[in-house]
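For the record, the sequence lines run as chains A and B.
By numbering that gives the first Met the number 0, the letter at position 51 of the first sequence is numbered 50, and the numbering carries on one by one without gaps.
By numbering that gives the first Met the number 0, the letter at position 58 of the second sequence is numbered 57, and the numbering carries on one by one without gaps.
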Amino acid sequence: MILTQQLILGVLVGGLYGLAAAGLSLTFGVLRVLNVAHGELLMLGGYGTFWLFALWQIDPFLSLLGVGPALFVLGLVLYWMLFQFVVKAHEEARIKNSLLIGFGLTLVFHTLAIRLWTADERAVTTDYAGAVVKIGVFTVPLVRLSSLVLAFAILTALHLFLAKARWGRAIRATAEDWEAAALMGIPVGRTYLLAFALGTALAGIAGGLVSVSYSISPSIGIEWTLKALIVVVLAGLGSLFGSFAGGILLGLAEATSVVFLGGPYREVVGLVLFLIVLLVRPQGLFGDRG
Amino acid sequence: MLAAGFAGFPLVTARNDLLNLGIQIFLAVALAESWNLLGGYAGQITLGHAAFFGLGALVTRTLWVGGAPLSVALAAGALVATAFGVLIGGPAFRLRGAYFAIGTLGLAEILRITVGNLMPEISTIPVTALASYDLVPRYYLTLALAMFSVAVVAVLVRSRVGLGMQAVREDEAAAEASGVGAFRHKLLALVLSTALAGLAGGAFAYYHVSYYPQHAFSPAWTFDAVLIAFIGGVGTVHGPVLGALFYVIAKEVLAVQLVEVHLLIFGVLFLLVVLLLPGGLVEAWSRARRLITRNS
């Protein structure tokens, strides 16, 4: 009973893990850069949603329409200022330099957020925040359920974009083999730019949803980067729905651990799982390419 | 010369703030040099160096407070840090790319959270030891550790093994083809680096009167090590020394006025160094010197 209730909550939070991981997986899969500041971008998206609500009472789900594009623009700027220099290197150096750049960015965003908004925890509390759906004896918080559905809808839309649209196909071709893509006349630089900005926007939207259902503070960055990394390692690269499934798997694993080990070890369980997969099966549980 | 100046320092001053500053610089030198050995020379980036620093601190503190001689406690701390390093590095080094970096990041967080859960109480030196607490031996211990770290790297760079590490960093496949075992060299760098980080953690545990055990695992230690190594000059012997002097002193000066703002400045500086000046301060210095000698 308690376990089932926890598992329901696990699935709900897992959807957000999946959304956070999808952004990271997109940039990693296409640009072959690993942006460890992904969680900080998510944190910024969360603050965007929080301030739109706190200052002008804009509904958090509505404000995602503003936060998503704003983070998309931030992604463009970050790529133009930093990551475009990273992708010029060969693959080994790409990953190494992107780790360092991302690492520097985490420090900058984290410190900046503390300076601007203090280290306090914040959350968006709407007047429907307490609403729940009853399924038998189990309660499902409405806001979290909507977040899960929205996360799935966004990933579906992105999937369709990648599958059908001209630029989406360019992104997939570049991820497959950028040299061949360049030879086919695909502007690889602009494709990278688009993929990076899309990944950033996904982080921002995930952050907005986090600020509604959970809480945000300047220090959540590393936590969410790790969640996204865990999911990417579990699910492998290359599939948005794989990320979503991996996120839910992580949510379920955490929920199980809360019941059997207690709350304090919630964060540890995912990380241990992550290390085990990294050591035993580094290509991921479902993944084809590592 | 610099070392001799530092060594004589406690003889001429009894000001505790200056001794404390010295100790912080020496710890920073040791930690950054340890990161530099693995990240700078062997090319294996860790984003969880705090794990090894923290393990050294945890083991040394526990044994030393429990009554073991300091030398034994320090050695045990270094040993445990190395054991964890090999545990994670062994499998990760067989794969290329980011596995080692994100693996160590994960390890550091696991340890930080678990230690925070298991040991929530602040750790304070026992009253008997507190009565005889003296900064001067701490000063010399950390100074010796800093000099030892620099010496290890200086000797290593010129050695066959050190050259092998750099070959692996530049091109793993080419190194293998020339008969340089990549895995062996990476592992050796890891063992030396984690042992130094563990010793630095141990020295920290010996130095600090009271701290939360979790604090030694804080990501801040990783940030310190990476920033200092890069700003000073990664992959150079003296870079971390220069970086540590600059970083710790600037941190002290800035912290008086604005809390945390130094991290913002150093973060931006770090990004600039990574993108524009891969040799850090050491590189900037030698470029400036070349310019001056050419003009005169």
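By construction, the Cβ of each residue, glycine as well, lies at the ideal position given by its N, Cα and C atoms.
- For Arg320 of chain A, does the three-state DSSP call read helix, strand or coil? The question about residue 320 of chain A has no answer, for chain A in this structure spans 0 to 289.
- Residue environment, Glu178 of chain A, which counts as buried when at least 16 other CB atoms sit within 10 Å: In the assembly as shown, Glu178 of chain A is an exposed residue. Its beta-carbon has fewer than 16 other beta-carbons within 10 Å.
- Along the stretch 98-120 of chain B, what residues have a CB closer than 9 Å to any CB found in chain A? Cβ contacts with chain A: Tyr98, Ala100, Ile101, Gly102, Leu104, Gly105, Leu106, Glu108, Ile109, Ile112, Thr113, Gly115, Asn116.
- Message: I'd like to know whether the C-beta of Asn96 of chain A is nearer than 8 Å to at least one C-beta of chain B.
- Response: At least one CB atom of chain B sits nearer than 8 Å to the CB of Asn96 of chain A.
- Message: Counting only beta-carbon separations shorter than 8 Å, does Val258 of chain A have a partner in chain B?
- Response: No, Val258 of chain A does not count as interfacial toward chain B.
- Message: Alpha carbons only, please: which of A:Leu115, A:Gly241, A:Gly235, A:Val230 is nearest the one belonging to Gly269 of chain A?
- Response: With respect to the C-alpha of Gly269 of chain A, the residue from A:Leu115, A:Gly241, A:Gly235, A:Val230 having the closest C-alpha is A:Val230.
- Message: So Leu110 of chain B and Leu54 of chain B are supposed to be a Cβ contact under 8 Å. How far apart are they, rounded?
- Response: About 7 Å separates the two Cβ atoms, so the contact holds.
- Item | Spatially closest choice to Gly189 of chain B from B:Gly38, B:Phe25, B:Leu18, by CA coordinates | Gly is not the amino acid found at residue 189 of chain B; the sequence shown has Leu there. Nearest neighbour of Leu189 of chain B by Cα position, chosen from B:Gly38, B:Phe25, B:Leu18, turns out to be B:Gly38.
- Query: In or out: Thr105 of chain A buried (at least 16 other Cβ within 10 Å) or exposed?
  - Reply: So Thr105 of chain A counts as buried.
- Message: Whole angstroms are fine: how far does the CA of Gly66 of chain B sit from the CA of Val272 of chain B?
- Response: Their backbone Cα atoms lie some 45 Å apart in a straight line.
- For Phe259 of chain A, count neighbouring Cβ atoms within 10 angstroms of its own Cβ and tell me buried if that reaches 16, exposed if not. Looking at its Cβ environment, which holds fewer than 16 other Cβ atoms inside 10 Å, Phe259 of chain A is exposed.
- Assuming Val211 of chain A and Leu277 of chain A make a contact with CB atoms under 8 Å, what is their CB distance in whole Å? Incorrect: roughly 32 Å between the Cβ atoms, too far for contact.
- Message: Please identify the residue among B:Asn19, B:Leu276, B:Gly102, B:Glu108 whose C-alpha is closest to the C-alpha of Ile275 of chain A.
- Response: Per the Cα distances, B:Gly102.
- Query: Any idea if Tyr205 of chain B is buried or exposed, counting beta-carbon neighbours within 10 angstroms, 16 or more meaning buried?
  - Reply: Tyr205 of chain B should be labelled buried.
- Task: Kindly say whether Asp287 of chain A, judged by its beta-carbon, lies nearer than 8 Å to any beta-carbon of chain B.
- Result: Any answer about Asp287 of chain A is weak, because its pLDDT of 44 lies below 50 and its placement is not dependable; what the coordinates show is given next. No - not a single Cβ of chain B is within 8 Å of the one on Asp287 of chain A.
- Item | Burial state of Gln23 of chain B (16 or more Cβ within 10 Å) | The residue in question, Gln23 of chain B, is buried, as its Cβ has 16 or more Cβ neighbours within 10 Å.
- Message: If I follow the unbroken alpha helix (DSSP H) through Phe182 of chain B, where does it start and stop?
- Response: Annotation for Phe182 of chain B: the continuous alpha helix (DSSP H) segment containing it runs 181-206.
- Meets three-Cβ-pair contact criterion under 8 Å: the stretch 142-162 of chain A and the stretch 10-19 of chain A: Three or more beta-carbon pairs drawn from the stretch 142-162 of chain A and the stretch 10-19 of chain A are found closer than 8 Å, and the two stretches are therefore classed as touching.
- Message: Is the beta carbon of Leu73 of chain B closer than 8 Å to that of Phe59 of chain B?
- Response: The residue you asked about is not Phe; residue 59 of chain B is Thr in the sequence shown. Between Thr59 of chain B and Leu73 of chain B, the CB-CB gap stays under 8 Å.
- Item | Unbroken stretches of the alpha helix (DSSP H), 4 residues or longer, contained in the stretch 15-64 of chain B | You should have 15-34, 48-64.
- Given a threshold of 16 other Cβ atoms within 10 Å of its Cβ, counted over all protein chains shown, does His261 of chain B qualify as buried or as exposed? With 16 or more Cβ atoms within 10 Å of its Cβ, His261 of chain B is classed as buried.
- Using a beta-carbon distance cut-off of less than 9 Å, what residues from the stretch 149-161 of chain A approach chain B? So the list is empty, because no residue satisfies the distance condition.
- Query: Apart from the five residues just before and just after Leu6 of chain A, which ones in its own chain have a Cβ nearer than 7 Å to its Cβ?
  - Reply: Hits under 7 Å: Leu251, Ala254.
- Item | Outcome for Ala287 of chain B when other beta-carbon atoms lying within 10 angstroms are tallied against a minimum of 16 | The residue is exposed, with fewer than 16 neighbouring Cβ atoms inside 10 Å.
- Message: On the CB-based measure, 16 or more other CB atoms within 10 Å of its CB, does Arg165 of chain A come out buried or exposed?
- Response: With fewer than 16 Cβ atoms within 10 Å of its Cβ, Arg165 of chain A is classed as exposed.
- Start and end residues, beta strand (DSSP E) containing Lys133 of chain A: Here the beta strand (DSSP E) through Lys133 of chain A covers 131-134.
- Query: Taking one C-beta from the stretch 32-52 of chain B and one from the stretch 172-180 of chain B each time, how about it: are there three or more such pairs within less than 8 Å?
  - Reply: Fewer than three Cβ pairs drawn from the stretch 32-52 of chain B and the stretch 172-180 of chain B lie within less than 8 Å of each other, which leaves the two stretches out of contact.
- Taking buried to mean at least 16 other C-beta atoms within 10 Å of its own C-beta, is Ala91 of chain B buried or exposed? Buried, because 16 or more other Cβ atoms sit within 10 Å of the Cβ of Ala91 of chain B.
- Given a cut-off of 8 Å, decide if Ala196 of chain A and Ile185 of chain A are closer than it, judged by their beta-carbon atoms. One thing to note: Ile185 of chain A has its Cβ no nearer than 8 Å to the Cβ of Ala196 of chain A.
- Query: Could one say the Cβ of Phe195 of chain A lies closer than 8 Å to chain B's Cβ atoms, at least one of them?
  - Reply: Chain B, which has no Cβ nearer than 8 Å to the Cβ of Phe195 of chain A, makes this no.
- Rounded to whole angstroms, how far is the Cβ of Thr125 of chain A from the Cβ of Pro59 of chain A, which I believe are closer than 8 Å? Confirmed, Cβ separation roughly 6 Å.
- Please list the residues of the stretch 241-273 of chain B that have a C-beta atom closer than 8 Å to any C-beta atom in chain A, keeping them in chain order. In summary, the residues of the stretch 241-273 of chain B whose CB is separated from some CB of chain A by less than 8 Å are Glu259, Val260, Leu262, Leu263, Phe265, Gly266, Val267, Phe269, Leu270, Val273, in the order they occur in the chain.
- Query: Is Val233 of chain B closer than 8 Å to Leu129 of chain B when the C-beta atoms are compared?
  - Reply: The Cβ atoms of Leu129 of chain B and Val233 of chain B lie no closer than 8 Å to each other.
- Task: Between the Cα of Leu275 of chain B and those of B:His214, B:Phe229, B:Ser192, B:Val154, spot the shortest distance and give me the residue it belongs to.
- Result: Among B:His214, B:Phe229, B:Ser192, B:Val154, the Cα nearest to that of Leu275 of chain B belongs to B:Phe229.
- Message: Could you give the first and the last residue of the continuous beta strand (DSSP E) run that contains Val293 of chain A?
- Response: Residue 293 of chain A lies beyond the residue range present for chain A, which begins at 0 and ends at 289; the question has no answer from this structure.
- Query: Any beta-carbon of chain A closer than 8 Å to the one on Leu280 of chain B?
  - Reply: Taking Cβ atoms only, chain A never reaches closer than 8 Å to Leu280 of chain B, which makes this a no.
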